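Student: Count the sequence shown with the UniProt record's numbering and you get residues 1 to 388, in order.
By construction, the Cβ of each residue, glycine as well, lies at the ideal position given by its N, Cα and C atoms.
Quick caveat, the model's predicted, so the values are computed rather than measured.
If you scroll down you'll find the structure; I have some questions about it.
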Amino acid sequence: MTGRNLIGVETGVLLDLRSLSSVSIAEDKASAIVGAGILTRDLASTITAAGLFTPIGWHPMVGYAGWAMGGGYGMFSSAYGLGVDQILGARLVTADGSIIDVDETSHPDLLWAIRGAGNGIWGVVTQLKIKIYPQPKLLIGTLQYQKEDWPLVMMDWAERFEANLPIEFAGDIYLRNPTIDRPEMTFFFAWCAKPGEDIELGYEFLDRMRSLPGSATERISEVDLASFLRSIPSAQSAPVHLRGVITTGLTKAVASVLNRQWNEPRPLYMGIPSHFAHGQAVQPNPKACFPLRYPHRLFPLVCSHPDMLKDKYFESAVTAMADRVVRELKDTTDVLEGVSYGSLIPAIDTEITATFGTEALNRLRALKALYDPTGLFSGGYPALDRTT
């Protein structure tokens, strides 16, 4: 198996759907049918050109369909809901070769399952029908802090900001060391004005963030989503070792653990793209099986060294680093033990019962037996043949 393979599946067939990248906007401009292979960058460009908007993630090269069906965190989830909340319908090819359309009136049970457990389980999804919206006013960009400012910045954030973020602001953070000896913390500033409201409240909140200690490098402006995504450089493919946890938030204890990292001079990379779920993202949606409808923050660890596949020393060093950070985070007691997000956190850190709950899992397993009784699609998430 080749290609983007974050969950670590080593056998099977990986389908490249990137040619299925069409976008068809409905006449009422309230929905669109998108090919299942479209990248977020290309979807944003097409929707923006039509004067419209739909919430997506902040990486331009992520496939939209997988992002949305797995959950769909991003800079606008607090204002519009998660990716699963945007799905109105789907078309997929099932294990027996049938082509079925799924929506609220046709196979609604499968629509419920696709909204949160849709990746690689039920069949090959070839298109999604999604919600689209009038284009909001956006104030968007980044504030970046160097390592010496992290302790005061994160502690102040934990004390004054984390628990009281407005729904117009998601609160995503990225900690990493793209230059090995210069770690950086980036706040993705994305203020999404409510319909009919001006952007001035965004500037007021930006002034509040400017009161954080330290010196930030600021790149923020009024710009559309497509233009912002074009400004983000594409990441180069590299071998990685994944771990991760979900916490109750960026608490002082979690901040203390993060502040202790990246201090030793060693040639290892670690990136932690942290999404925060609050606002509309945590509103109950009984028509979606996605389970994490309470405030929480994701901390996936993406760890790497260029030679880790050919040098056991670096492989062991990368693994040990990731294991240590996860252990230290769990020691804070602010981790939701076993709760996971399959698109970013690996099986070793996942208990599917803790994540989905017994009732939802039993319902998903019954649907699996109905739509894929032979288990042809066995490499997806959640792994329904697991008992924990």
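Our contact map puts G338 next to A79 with C-beta atoms below 8 Å; I'd like the distance itself, whole angstroms only.
Tutor: Not really, about 29 Å apart at Cβ, beyond 8 Å.
Student: So, at 7 Å on beta carbons, what are the nonlocal neighbours of K368 in its own chain, with the 5 sequence-adjacent residues on each side left out?
Tutor: Closer than 7 Å at Cβ, skipping near neighbours: I121 and L384.
Student: Does the structure place the stretch 257–268 close enough to the stretch 323–333 that three or more beta carbon pairs sit under 8 Å?
Tutor: The stretch 323–333, when compared against the stretch 257–268, does touch it at the 8 Å Cβ threshold.
Student: Between which two residues does the beta strand (DSSP E) carrying T247 extend?
Tutor: Unbroken beta strand (DSSP E) run through T247: H241 to T247.
Student: Answer yes or no: do L82 and G66 have a C-beta to C-beta separation smaller than 8 Å?
Tutor: Cβ atoms of L82 and G66: not closer than 8 Å.
Student: Q127 bridges to which residues according to DSSP?
Tutor: DSSP lists G35 and R91 as partners of Q127.
Student: Mind checking who V102 pairs with in its DSSP beta bridge?
Tutor: Paired residue(s): A90.
Student: Which residue comes first and which comes last in the beta strand (DSSP E) that contains H178?
Tutor: Note that residue 178 corresponds to Pro in the displayed sequence, not to His. Run containing P178: I173 to T179, per the beta strand (DSSP E) assignment.
Student: Classify K29 as buried or exposed, calling it buried when 16 or more other Cβ atoms lie within 10 Å of its own Cβ.
Tutor: So K29 ends up on the exposed side.
Student: Give the list of continuous alpha helix (DSSP H) stretches no shorter than 4 residues that lie fully inside the stretch 249–302.
Tutor: Runs of the alpha helix (DSSP H) inside the stretch 249–302: 252–259.
Student: Go through its chain and collect everything with a Cβ distance to A216's Cβ below 7 Å, but skip five positions before and after it.
Tutor: Closer than 7 Å at the Cβ level, and outside the excluded window around A216, lie L143, Q144 and Y145.
Student: Looking only at C-alpha atoms, which of I132, Y313, L364 and G123 sits nearest to G379?
Tutor: Out of I132, Y313, L364 and G123, G123 has the C-alpha closest to the C-alpha of G379.
Student: Check each candidate in M270, G141 and E200 and name the one with the smallest Cα separation from M75.
Tutor: Comparing Cα-Cα distances from M75 to each of M270, G141 and E200, the minimum goes to G141.
Student: Kindly identify the DSSP beta-bridge partner or partners of E184.
Tutor: For E184, which the question treats as bridged, DSSP gives the partners Q146 and R176.
Student: Should M308 be labelled buried (16 or more other beta-carbon atoms within 10 Å of its own) or exposed?
Tutor: Label assigned to M308: buried.
Student: Among E200, I272 and I87, whose alpha-carbon lies nearest the alpha-carbon of L139?
Tutor: Taking only the C-alpha atoms, the option nearest L139 is E200.
Student: Would you list the one or two residues that DSSP bridges to E351?
Tutor: BP columns for E351 are empty, so no partner.
Student: For the ligand ATP, I want to know if G72 counts as a neighbour, meaning its beta carbon is within less than 7 Å of at least one of the ligand's heavy atoms.
Tutor: For the structure depicted, the ligand ATP is absent and the ligand set is empty, with no information on it obtainable.
Student: Would you report the Cα separation of R18 and A44, rounded to the nearest angstrom?
Tutor: Between R18 and A44, the C-alpha separation is close to 15 Å.
Student: Would a C-beta distance cut-off of 8 Å place D224 and W58 closer than the cut-off?
Tutor: It is not a contact, given that the beta carbons lie outside the stated cut-off.
Student: If distances are taken between C-alpha atoms only, which option among P284, L250, P267 and A288 comes closest to W150?
Tutor: When only C-alpha atoms are compared, the closest one is L250.
Student: Assign P151 to one of three DSSP states: helix, strand, or coil.
Tutor: Here P151 sits in helix by DSSP.
Student: With a threshold of 7 Å on Cβ separation, who are the neighbours of S234 within its own chain once the five nearest residues in sequence on each side are excluded?
Tutor: The residues are P60 and M61.
Student: Is the beta carbon of K129 closer than 8 Å to that of S31?
Tutor: Taking 8 Å as the Cβ cut-off, S31 and K129 qualify as a contacting pair.
Student: Apart from the five residues just before and just after A322, which ones in its own chain have a Cβ nearer than 6 Å to its Cβ?
Tutor: If we look at A322 and ignore the five residues flanking it on each side, its Cβ neighbours are H241, R243, L301 and C303.
Student: In whole angstroms, what is the alpha-carbon distance linking A170 and R208?
Tutor: Cα to Cα, A170 sits roughly 15 Å from R208.
Student: Looking at the structure shown, is F53 part of a helix, part of a strand, or coil, going by DSSP?
Tutor: In the structure shown, F53 sits in a strand (DSSP, three-state: E or B).
Student: Only counting the same chain, and skipping five residues up and downstream in sequence, which positions put a Cβ closer than 8 Å to that of D334?
Tutor: The answer, listed in chain order, is T247, T248, G249, T251, A253 and V254.
Student: What separation, rounded to the nearest whole angstrom, lies between the Cα atoms of A347 and D198?
Tutor: Computed Cα separation, rounded: 44 Å.
Student: Quick check on DSSP: helix, strand or coil for F377?
Tutor: F377 falls in the coil class under three-state DSSP.
Student: Can you tell which of R41, A90, A26 and E218 has its C-alpha closest to the C-alpha of W112?
Tutor: The residue with the shortest Cα to Cα distance from W112 is A90.
Student: Quick one: grab the DSSP three-state call for M1.
Tutor: Annotation note: pLDDT 32 at M1 (below 50); position unreliable, no value reported.
Student: How is the beta strand (DSSP E) around S340 delimited, first residue to last?
Tutor: Segment: none, S340 is in no beta strand (DSSP E) and carries neither H nor E.
Student: In chain order, what are the residue ranges of uninterrupted beta strand (DSSP E) at least 3 long that sit wholly in the stretch 192–238?
Tutor: Complete beta strand (DSSP E) runs here, min 3: 217–222.
Student: So what does V23 bridge to, in DSSP terms?
Tutor: V34, per the DSSP bridge assignment.
Student: So the candidates are A49, K147 and Y64; which of them puts its Cα closest to the Cα of I56?
Tutor: Ranking the options by Cα distance to I56, first place goes to Y64.
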